[in-house]
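These notes concern the structure reproduced below.
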Amino acid sequence: MPRSTFSIFRLGILLCFTGCLMVHAQAQRPYWEMMTDSAVDFQAAKRAFQDYWTGKTPEKGQGYKVFKRWAYMNELRQDAQGNVPATGQEAQEYLRWKREEETQRRTNLTPTGNWSTMGPVAFPANLTGQPGGIARLTTLAFHPTNPSMLYAGTPNGGLWVSNNAGASWATNTDLLPTLGVSAILVDPVTPTTMYIGTGDKDGGNSSGLGVYKSINGGINWAVSNTGMGNRTVHSMAFDPDNNSTLIAATTNGVYRSINAGANWALVLNGGGTYYQVGYRPGSNTTLYAVNQDRFFTSVDDGATWNAGVVVAAAARAAFATSDANANYVYIVKNIGSDPVYRSIDGGVTFANVQTDGKVLLNGDCSGGGSGGQGWYDICIAVDPTDADKVTVGGVSLWKSSDGGVNFNIAACWGNMGTNVHADHHFLSYSPHNPARLFDCNDGGLYYTDNFGTSYTNISSGIAASLIYRVGVSAQDPNVLVAGFQDNGMIISRQPNWYITVGGDGTECAIDPTDDNYQYGSYVNGVIRRSVNGGYNWSTIGNNGVGGINEDGPWVTPYALQPGNPNVMIAGYASLWRSANVKAGAPAFANVQAFASGSIRDIAFADANTVYAGRDNSEFWQSLDGGITWAQKANAPGGAVRDIATDPATPQRVWVTAGNNVYQSLDGGTTWGIYDTGLPNITAYSVVYDKVANALYCGMSIGVYYRHITDPSWAAYSTGLPNTEATHMQIFYDQNGCVGRDKLILATYGRGIWQSDLRSSPTQAPVACFGADTTIVCAVNGVLQLRDSSAYDPTSWAWVIA
Numbered sequence: 000m001p002r003s004t005f006s007i008f009r010l011g012i013l014l015c016f017t018g019c020l021m022v023h024a025q026a027q028r029p030y031w032e033m034m035t036d037s038a039v040d041f042q043a044a045k046r047a048f049q050d051y052w053t054g055k056t057p058e059k060g061q062g063y064k065v066f067k068r069w070a071y072m073n074e075l076r077q078d079a080q081g082n083v084p085a086t087g088q089e090a091q092e093y094l095r096w097k098r099e100e101e102t103q104r105r106t107n108l109t110p111t112g113n114w115s116t117m118g119p120v121a122f123p124a125n126l127t128g129q130p131g132g133i134a135r136l137t138t139l140a141f142h143p144t145n146p147s148m149l150y151a152g153t154p155n156g157g158l159w160v161s162n163n164a165g166a167s168w169a170t171n172t173d174l175l176p177t178l179g180v181s182a183i184l185v186d187p188v189t190p191t192t193m194y195i196g197t198g199d200k201d202g203g204n205s206s207g208l209g210v211y212k213s214i215n216g217g218i219n220w221a222v223s224n225t226g227m228g229n230r231t232v233h234s235m236a237f238d239p240d241n242n243s244t245l246i247a248a249t250t251n252g253v254y255r256s257i258n259a260g261a262n263w264a265l266v267l268n269g270g271g272t273y274y275q276v277g278y279r280p281g282s283n284t285t286l287y288a289v290n291q292d293r294f295f296t297s298v299d300d301g302a303t304w305n306a307g308v309v310v311a312a313a314a315r316a317a318f319a320t321s322d323a324n325a326n327y328v329y330i331v332k333n334i335g336s337d338p339v340y341r342s343i344d345g346g347v348t349f350a351n352v353q354t355d356g357k358v359l360l361n362g363d364c365s366g367g368g369s370g371g372q373g374w375y376d377i378c379i380a381v382d383p384t385d386a387d388k389v390t391v392g393g394v395s396l397w398k399s400s401d402g403g404v405n406f407n408i409a410a411c412w413g414n415m416g417t418n419v420h421a422d423h424h425f426l427s428y429s430p431h432n433p434a435r436l437f438d439c440n441d442g443g444l445y446y447t448d449n450f451g452t453s454y455t456n457i458s459s460g461i462a463a464s465l466i467y468r469v470g471v472s473a474q475d476p477n478v479l480v481a482g483f484q485d486n487g488m489i490i491s492r493q494p495n496w497y498i499t500v501g502g503d504g505t506e507c508a509i510d511p512t513d514d515n516y517q518y519g520s521y522v523n524g525v526i527r528r529s530v531n532g533g534y535n536w537s538t539i540g541n542n543g544v545g546g547i548n549e550d551g552p553w554v555t556p557y558a559l560q561p562g563n564p565n566v567m568i569a570g571y572a573s574l575w576r577s578a579n580v581k582a583g584a585p586a587f588a589n590v591q592a593f594a595s596g597s598i599r600d601i602a603f604a605d606a607n608t609v610y611a612g613r614d615n616s617e618f619w620q621s622l623d624g625g626i627t628w629a630q631k632a633n634a635p636g637g638a639v640r641d642i643a644t645d646p647a648t649p650q651r652v653w654v655t656a657g658n659n660v661y662q663s664l665d666g667g668t669t670w671g672i673y674d675t676g677l678p679n680i681t682a683y684s685v686v687y688d689k690v691a692n693a694l695y696c697g698m699s700i701g702v703y704y705r706h707i708t709d710p711s712w713a714a715y716s717t718g719l720p721n722t723e724a725t726h727m728q729i730f731y732d733q734n735g736c737v738g739r740d741k742l743i744l745a746t747y748g749r750g751i752w753q754s755d756l757r758s759s760p761t762q763a764p765v766a767c768f769g770a771d772t773t774i775v776c777a778v779n780g781v782l783q784l785r786d787s788s789a790y791d792p793t794s795w796a797w798v799i800a
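If you're matching positions, the sequence shown starts at 0 in numbering that gives the first Met the number 0 and goes up one per residue.
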């Protein structure tokens, strides 16, 4: 079925009209608020960010990187007009496509894929000098009676459940239309009834679709957002005495349900986001809620609310109470020094109780500096047995034993000898063990039983890594290098994973002739090289290194020349080329400068033909191995995200842009749309199978297959979670045994996955094992010895050894 463009046209007109009305108001809003607004103008958010940082020097823990990370992912999602999908739009379109189009696939071609995870599943071994991680966690919940049952939420990897106190984890939410989980409720009377609040409350990386409900312990889920709609849910609470009454704090106010989530009503709406909701300890009628500057109280089970107590203007706030003293309420605000406030009268009045002058929410472990990124990571907890013991999380963890007056560092990333990762999003004491405090952060899940003296990591098994790119060995599909959000460059020797460099890892590659030479990178073009298989790294390209004198985009692309891996092309603001990238000190030369903008992707078709796509949709070609360049026709769908090439026909090239795949048969001189059969959602990645003459496309939900002779695409996602398919690579078995070829996929939320390739329609089923030139193959069920040197991939001919 052809995809309709009329609804997109109407949406574009509506967004344009709305944007015109809102542009002045948005210009006055800080960029961190605009990041979580489902109707925000993405371009306005970028302008607000630029305005804020003009004349300032970015510092660690100030939120600069958090926005750049968010902007990169949304730049990938934007269309040719610069619009990004509204909250829920892509999920709804995918569900429509699944209902109306997937069932119409041709009966003679039903490629489904057979996906399995490559990980990391177990917590990676850490070879760096700072705490490592496996995934960002957003929230945690507890079983009402079983202390061994834990429920963890992730920003784009779904809900994870442990029935053995964190020794192992499993998920059953992979097929939901969004895998962002920011709030969890487990029914205290009937624990098999569960609710999750969807979306990414901290980083805005996944769509908020309101509340989903399960009545069978999480085996099946159904949307439960009538009256609420597509909102990111920050926090939820049960009436302690009535499990049919639920309260939810969302990006559009506080909602209440009195029929177990069947319907919701908006009960508190002061504009903007409400970050937290919860009951006063010991009460089933008094509720608290907080937005950026007010603390609200309800005394009738959430039906009505007061006007709120002004505490302090800030980008975000979190509050905490203690069973030890129900009158105590603590608030931490996203402000500079002394961000902790306390009420001793149940939230009627607040005072800035902290007086030590320390800044708790930035990355300075001494409490100095200024500002912070509390709009991204902010949380607070109070000991249930001692209302004076307070823990605050921002970039680091801080603790107070005197009611919030003075704070000492409890865990500082890379500085205190602690094993706790940075950027803390949720703190909660166990209802079964009042001494155990759990911490969700950018690296995973930890707990302390001694008020922050030491911590235990129980993240192993939560396979929810956010991955930008992956590089695959040409010799062994189990040898990988990947770039992880805030968890560094990670290498794989399956089934083992190793963290080798910290921070955000981005673009990756492995020398096709020598696995010892691996390439990784940090944000904005810090290209690193390893000469010992990824275990140690040195910087070879950067602004000021290798002759490069400019910064790159957040994910700076680069590619190695086929047949000569000494040559690398890298895309910063300009195109840079090195002819000696394996030398002790590689040198890069600027081979094509641009007035503005940056490069999005680079791909060689053969040793001479190489393509580059830019963020302004420009498409460039070189016919001499990247020495000289010529501009071709712009990609029709906007910024180029990914490029696939055919080495046998170098002028045949495909790109992803907007929600489409485009094809050129003349090296980019002309383009044709190539999207028949695809859902109308973001197209991230595309890769060409040179053996089977087929394409794979990774989208915001799912992977899709199309042989060159096919009239349309078909789903290739069996076993694959509904998370973003950000990057793909193909491994070809060196013996020519097609049955061992693999499609390797990086996802932004569920780690790395692999599937067999779909065979060419003319290929006999072949499966092989062995090494060197003589291998054993099963051809149509008959075992034969084959000489791989005599294999002809064009005719599928084999010579019996």
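Beta carbons: idealized from backbone N, C-alpha and C, even for Gly.
query                                                                                                                                                                            : result
Please name the residue, chosen from TYR571, ALA638 and ILE214, that lies closest to SER520 on a Cα-to-Cα basis.                                                                 : TYR571
Out of TYR747, ALA724 and ALA558, which has the shortest C-alpha to C-alpha gap to THR655?                                                                                       : ALA724
With 16 as the cutoff for other CB atoms within 10 Å, does GLN823 come out buried or exposed?                                                                                    : Because the chain here runs from 0 to 800, residue 823 falls outside it and cannot be looked at.
For THR225 versus TRP263, is the C-beta distance shorter than 8 Å?                                                                                                               : yes
Give me, in chain order, the residues of the same chain whose beta-carbon lies closer than 6 Å to that of VAL781; leave out the 5 immediate sequence neighbours on both sides.   : Bear in mind that a pLDDT of 45 at VAL781, under 50, signals an unreliable position, so the number given afterwards is only what the model happens to contain. Here the set comprises nothing.
Mapping the DSSP letters down to three states, classify LEU444 as helix, strand or coil.                                                                                         : strand
Just mark LYS357 as buried or exposed, buried being the case when its beta carbon has 16 or more other beta carbons within 10 Å.                                                 : buried
For the alpha helix (DSSP H) that TYR63 lies in, which residues bound it at each end?                                                                                            : 63-76
Can you tell me whether LEU756 is buried or exposed, with buried defined as 16 or more other CB within 10 angstroms of its CB?                                                   : buried
How far does the alpha helix (DSSP H) with LEU94 in it reach, from first residue to last?                                                                                        : 88-99
Need the endpoints of the alpha helix (DSSP H) that MET235 sits in, please.                                                                                                      : Counting along the chain, MET235 falls outside any alpha helix (DSSP H), though it belongs to the beta strand (DSSP E) covering 232-238.
Can you tell me which of the three DSSP states PHE483 falls into?                                                                                                                : strand
So, helix, strand or coil for ARG279, using DSSP?                                                                                                                                : coil
Which residue marks the beginning of the beta strand (DSSP E) containing ARG255, and which one marks its end?                                                                    : 252-256
Counting only runs of 3+ residues fully inside the stretch 694-761, write out the beta strand (DSSP E) ranges in chain order.                                                    : 702-706, 724-730, 741-746 and 751-755
Just the Cα atoms here: how many angstroms apart are ASN405 and CYS378?                                                                                                          : 17 Å
Kindly give me the distance between the Cβ atoms of VAL478 and SER491, rounded to whole angstroms, as I take these residues to be in contact under 8 Å.                          : 7 Å
Tell me, please, whether the CB atom of HIS233 is closer than 8 Å to any CB atom in chain C?                                                                                     : Among the chains in the structure shown there is no chain C, since it carries only a single protein chain.
Less than 8 Å separating the beta-carbons of GLY202 and TRP69?                                                                                                                   : yes
Beta carbon of ASP199, beta carbon of THR137: below 8 Å?                                                                                                                         : yes
Which residue's Cα is closest to the Cα of PRO710: ALA166, GLY750, ASP674 and PRO646?                                                                                            : ASP674
Measuring only the C-alpha atoms, how far is ILE183 from TRP159?                                                                                                                 : 11 Å
Out of curiosity, what's the CA-to-CA distance linking GLY228 and LEU208?                                                                                                        : 7 Å
Name the residue from GLY196, GLY217 and VAL188 whose alpha carbon lies nearest to the alpha carbon of SER801.                                                                   : The question about residue 801 has no answer here: the residues shown for the chain are numbered 0 through 800.
Taking the alpha-carbon positions, what's the ALA409 to THR648 distance?                                                                                                         : 59 Å
At what residues does the alpha helix (DSSP H) containing ALA856 begin and finish?                                                                                               : Lying before the first or after the last residue shown, residue 856 is absent from the chain, which here runs from 0 to 800.
Would SER577 and ALA586 be called neighbours here (beta carbons separated by less than 8 Å)?                                                                                     : yes
On the premise that THR116 lies in contact with ALA134, defined as a C-beta separation below 8 Å, what is that separation, rounded to the nearest angstrom?                      : In fact, because the Cβ distance is near 13 Å, the residues do not count as touching under 8 Å.
Quick one: give me the first and last residue of the beta strand (DSSP E) that MET148 is part of.                                                                                : Segment: none, MET148 is in no beta strand (DSSP E) and carries neither H nor E.
For PHE294 and MET235, I'd like the C-alpha separation in whole angstroms.                                                                                                       : 16 Å
Label PRO130 either buried or exposed according to how many other C-beta atoms from any shown protein chain fall within 10 Å of its C-beta, with 16 as the threshold for buried. : buried
With which residues is ILE601 paired in a DSSP beta bridge?                                                                                                                      : ALA611
How long is the line joining the alpha carbons of ALA643 and GLY666, rounded to whole angstroms?                                                                                 : 12 Å
Please go through the stretch 505-532 and give each complete beta strand (DSSP E) segment of 3 or more residues, from N-terminal end onward.                                     : 517-521 and 525-529
Out of curiosity, what's the CA-to-CA distance linking TYR454 and SER597?                                                                                                        : 42 Å
The alpha helix (DSSP H) with TRP304 in it runs from where to where?                                                                                                             : It is not in any alpha helix (DSSP H) - TRP304 carries neither H nor E in the DSSP assignment.
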